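K.L.:
Protein chains: 2
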Amino acid sequence: MTACKNKQVLLISRPKGIPTADNFQIVESVLPVITRDQVLVRNIYLSVEPAMKGWVSATENYAEPVALNSVMRSFATGVVIDSLHPNFLPGEFVTGLFGWQEYALVEAGVIDRKIAAHSLPISTSLGVLGLNGMTAYFGLLDIGQPLSEETVVVSTAAGAVGSCVGQIAKLKNCHTIGITGSQEKVDLCRQLYQYDQAINYNDEKFEKELAQACPKGIDVYFDNTGGIISDAVLQLLNIGGRIVVCGTSSISNWEEHPIGPRQERKILVNRARMEGFLVFDYKERYPEALAALTEWVSAGLIKYREEILCGIEKAPCSISSLYRGKNLGKCLIQIYKI
Amino acid sequence: MTACKNKQVLLISRPKGIPTADNFQIVESVLPVITRDQVLVRNIYLSVEPAMKGWVSATENYAEPVALNSVMRSFATGVVIDSLHPNFLPGEFVTGLFGWQEYALVEAGVIDRKIAAHSLPISTSLGVLGLNGMTAYFGLLDIGQPLSEETVVVSTAAGAVGSCVGQIAKLKNCHTIGITGSQEKVDLCRQLYQYDQAINYNDEKFEKELAQACPKGIDVYFDNTGGIISDAVLQLLNIGGRIVVCGTSSISNWEEHPIGPRQERKILVNRARMEGFLVFDYKERYPEALAALTEWVSAGLIKYREEILCGIEKAPCSISSLYRGKNLGKCLIQIYKI
Chain A
58 MTACKNKQVL LISRPKGIPT ADNFQIVESV LPVITRDQVL VRNIYLSVEP
108 AMKGWVSATE NYAEPVALNS VMRSFATGVV IDSLHPNFLP GEFVTGLFGW
158 QEYALVEAGV IDRKIAAHSL PISTSLGVLG LNGMTAYFGL LDIGQPLSEE
208 TVVVSTAAGA VGSCVGQIAK LKNCHTIGIT GSQEKVDLCR QLYQYDQAIN
258 YNDEKFEKEL AQACPKGIDV YFDNTGGIIS DAVLQLLNIG GRIVVCGTSS
308 ISNWEEHPIG PRQERKILVN RARMEGFLVF DYKERYPEAL AALTEWVSAG
358 LIKYREEILC GIEKAPCSIS SLYRGKNLGK CLIQIYKI
Chain B
58 MTACKNKQVL LISRPKGIPT ADNFQIVESV LPVITRDQVL VRNIYLSVEP
108 AMKGWVSATE NYAEPVALNS VMRSFATGVV IDSLHPNFLP GEFVTGLFGW
158 QEYALVEAGV IDRKIAAHSL PISTSLGVLG LNGMTAYFGL LDIGQPLSEE
208 TVVVSTAAGA VGSCVGQIAK LKNCHTIGIT GSQEKVDLCR QLYQYDQAIN
258 YNDEKFEKEL AQACPKGIDV YFDNTGGIIS DAVLQLLNIG GRIVVCGTSS
308 ISNWEEHPIG PRQERKILVN RARMEGFLVF DYKERYPEAL AALTEWVSAG
358 LIKYREEILC GIEKAPCSIS SLYRGKNLGK CLIQIYKI
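Those protein sequence lines, which keep their order, are chains A and B.
The first sequence begins at 58 in the working numbering and counts up by one.
The second sequence begins at 58 in the working numbering and counts up by one.
Encoded structure:
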């Protein structure tokens, strides 16, 4: 390999709330020469996640904030183009935290896994067969523990995680209710993701519609939003209800200490369980989840959608676009055609 | 048995918030004649519980509200004085939901258990060897799941439940911190209940003192209060922390929808679990808890205190007295000397 140029997206300032294009800068650097047992990956797809809002914030999070003037943290899927590590060969497809950049020169430990050869597109490794699918799998099954015929409610129901949660719950014979933010997504929930009911939280009658959709109350709430959507759901929680706290996307800024109705009494009276979880804590069980998800997706039992933007120049504004709720599927940026 | 008079405490109106003497009336009724397979119990000790505030409220609770103009619901311990049921004999001591009254003519199903013969006073059957002790036992061990050397924080730490939680946690080799409401109770926590530290939440420096007492953060929070005390505790929660929601005594009125800081993000980032529980759900395992508690109390490993008021006339004002936080131990009303 001769030295080559590497376009990178750097985080140059911390947003207040949702990150916008202004918080990033695209630079071109010279790629260092591969050394020791490193692996050089050419990124094909970059991932865009709601969680990125937390990653770039200096406020409390589960990971160190991305340092200023460093490459934006991101999952990506790419192809090995050079390797000094015996486990990786040029031509193999791999996925990991490769960052928003064209090339990633990484230690082997940064690579999450090779992408198994199957008939599904490699882009799925960042969505339904990646962290999104696995988040749905472990969050719903391990934390939510839905039983047959229970009512499962999902917020951001048409999103990359939510859509998968709804479909796994359906496979477990649950009554599934999706909460989402537009009529277009309501239709997607009903038609593609097979929710029994879907509700637009922007509707004036949202609370009433939710109550009507859950005549037997709510047993499991897979919460991707927090905030007033969750307040409404908790009103309908059954005794022994479980709240899987997976995301808080409805709250744009935690630095201002948002307030809401106290839930202690509800949790007590209903003997409910509210539990946060992080998919990274399940690393040892990723193979289990991937095997199940691959089988379900291959058999057409779980549907997925992707919205693929082209070119690394789309990266800086992609997070804010996600929070505007306009995308209809997993958001990816393709930066290399194979 | 000839017909006899029965003094009873009736609930005559619903309080806004904490029940006061005005909400009750003492009447004298004629005891019906024993019939079928009933048991006639002469109550010796009546119990006074913080939970009674919930029982008399028409707002959501885990039990039907006590009906107006009926005998106040209460646990009591008494002696069988007449029985048409083969399992119960005159002279046996029993405990159950006998109500605030001198005599309880009950079906056998209302009797929770006979009180085993041991060297501890029968009054303990309503406290440390009753629901209070069992609440501590199941809440801490089943929901809180403390590990050796973890930090366990208890609110209402000197109370009938809290004092038992702190001591069981100590038996499990935890670092124990009690939160309570006066210097007198702080001393009690340190000296009698052997907390490693005890803090008065009325102190100006409460939050700072709490942080200093928990240099390794908080792993288990046994929450009897909710409200701003709990808000402070949650600030110090460790990853994987558990919040046992057992009571909400710091909130005097839930009808006004109290608000507070949203905790979703804390729960998520810390992969924490907040879980409500109710001791009545553990009925089948009461013998296990009673055996352990009896052993610990008999061996002097768990200390307890009781404050015994004399005469049924003390019942109507006993709940509000409890909420003023002046009592230093399990509050009982003795209405019969044996």
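All residues carry an ideal CB built from backbone N, CA and C; glycine is no exception.
Please read these numbers as outputs of a predicted model, since none were measured by experiment.
#1: Check for me: the alpha helix (DSSP H) holding threonine 192 of chain B runs from which residue to which?
#2: So with CB distances below 7 Å, who are the chain B contacts of proline 318 of chain A?
#3: So which residues of chain B does threonine 233 of chain A contact, with C-beta pairs closer than 9 Å?
#4: Can you confirm whether the segment 299-308 of chain B touches the segment 144-164 of chain B when touching is taken to mean that 3 or more C-beta pairs between the two stretches lie within less than 8 Å?
#5: Which residues share a DSSP beta bridge with asparagine 100 of chain A?
#6: Does glycine 284 of chain A come within less than 9 Å of chain E when only Cβ atoms are used?
#7: What runs of the alpha helix (DSSP H), each 4 residues or longer, lie entirely inside the segment 271-348 of chain A?
#8: Buried or exposed: where does histidine 175 of chain A fall if 16 or more other Cβ atoms within 10 Å of its Cβ makes it buried?
#9: Would you decide whether arginine 93 of chain A is buried or exposed? Buried here means 16 or more other CB atoms lie within 10 Å of its CB.
#10: Decide if the segment 67-85 of chain B is in contact with the segment 373-385 of chain B; the criterion is three or more beta carbon pairs, one per stretch, under 8 Å apart.
#11: What separation, rounded to the nearest whole angstrom, lies between the Cα atoms of methionine 58 of chain B and leucine 88 of chain B?
#12: By DSSP, does arginine 42 of chain B sit in helix, in strand, or in coil?
#13: Note the first and the last residue of the continuous alpha helix (DSSP H) segment covering serine 220 of chain A.
#14: What is the DSSP secondary structure of asparagine 80 of chain A, counted as helix, strand or coil?
#15: Under 8 Å, CB to CB, which of the residues in the segment 193-227 of chain B have a partner in chain A?
#16: Any idea if arginine 330 of chain A is buried or exposed, counting beta-carbon neighbours within 10 angstroms, 16 or more meaning buried?
#17: State the Cα-Cα distance for the pair isoleucine 172 of chain B and tyrosine 250 of chain A, rounded to the nearest angstrom.
#18: Going by DSSP, name the residue or residues bridged to glycine 201 of chain B.
#19: For a quick check, are the C-beta atoms of valine 35 of chain A and tryptophan 157 of chain A less than 9 Å apart?
#20: Less than 6 Å between C-beta atoms, sequence neighbours within five positions excluded: which residues of the same chain meet that for glycine 136 of chain B?
#21: Tell me, please, which residues DSSP counts as bridged to arginine 170 of chain A.
#22: Thinking C-beta only, is glycine 297 of chain A closer than 9 Å to arginine 322 of chain A?
#23: Note down the Cα distance separating glycine 216 of chain B from glycine 235 of chain B, rounded to an integer number of angstroms.
#24: Please name the residue, chosen from B/Asp169, B/Tyr194, B/Ser86, B/Glu121, that lies closest to glutamate 159 of chain B on a Cα-to-Cα basis.
#25: Which same chain residues end up closer than 6 Å to threonine 134 of chain A when comparing Cβ atoms and leaving out the 5 residues on each side of it in sequence?
#26: Expressed to the nearest angstrom, what Euclidean distance is found between the alpha-carbon atoms of glycine 111 of chain B and asparagine 118 of chain B?
#27: Would you say methionine 191 of chain B reaches chain A, if we count a Cβ-Cβ gap shorter than 9 Å as a contact?
#28: Would leucine 291 of chain A and glutamine 320 of chain A qualify as a contact pair, given that the criterion is a beta-carbon distance under 9 Å?
#29: Between alanine 268 of chain B and isoleucine 256 of chain B, how many whole angstroms is the CB-CB distance? I'm expecting something under 8 Å.
#30: Is there a Cβ from chain B that is less than 9 Å from the Cβ of asparagine 327 of chain A?
P.N.:
Taking the geometry as given:
#1: 188-195
#2: His314, Ile316
#3: Those within 9 Å of threonine 233 of chain A in chain B number zero; the least Cβ separation is about 22 Å.
#4: no
#5: A/Gly135, per the DSSP bridge assignment.
#6: In the structure shown, chain E does not exist; the protein chains are A and B.
#7: 284-291, 321-326
#8: exposed
#9: Of the other Cβ atoms in all chains shown, fewer than 16 fall within 10 Å of the Cβ of arginine 93 of chain A; this residue is therefore exposed.
#10: As far as the Cβ criterion goes, the segment 67-85 of chain B touches the segment 373-385 of chain B, which means the pair count is three or higher.
#11: Low local confidence applies: a pLDDT of 48 at methionine 58 of chain B is under 50, so the model's placement there is unreliable, and no value is given.
#12: The question about residue 42 of chain B has no answer here: the residues shown for chain B are numbered 58 through 395.
#13: 219-228
#14: helix
#15: none
#16: buried
#17: 57 Å
#18: For glycine 201 of chain B, which the question treats as bridged, DSSP gives no partner whatsoever.
#19: This structure cannot settle anything about residue 35 of chain A, because the visible part of chain A is limited to 58 through 395.
#20: In the sequence on display, residue 136 of chain B carries valine and not glycine. So the list reads Arg99, Phe150, once near-sequence residues are dropped.
#21: A/Thr152
#22: Not in contact: arginine 322 of chain A and glycine 297 of chain A (Cβ atoms no closer than 9 Å).
#23: Counting only the Cα atoms, glycine 235 of chain B lies some 10 Å from glycine 216 of chain B.
#24: B/Ser86
#25: Ile101, Tyr102, Thr152, Ile179, Ser182, Leu183
#26: Between glycine 111 of chain B and asparagine 118 of chain B, the alpha-carbon positions lie close to 6 Å from each other.
#27: No, its Cβ sits nowhere closer than 9 Å to a Cβ of chain A.
#28: yes
#29: Contact doesn't hold; Cβ gap of about 10 Å is too wide.
#30: yes
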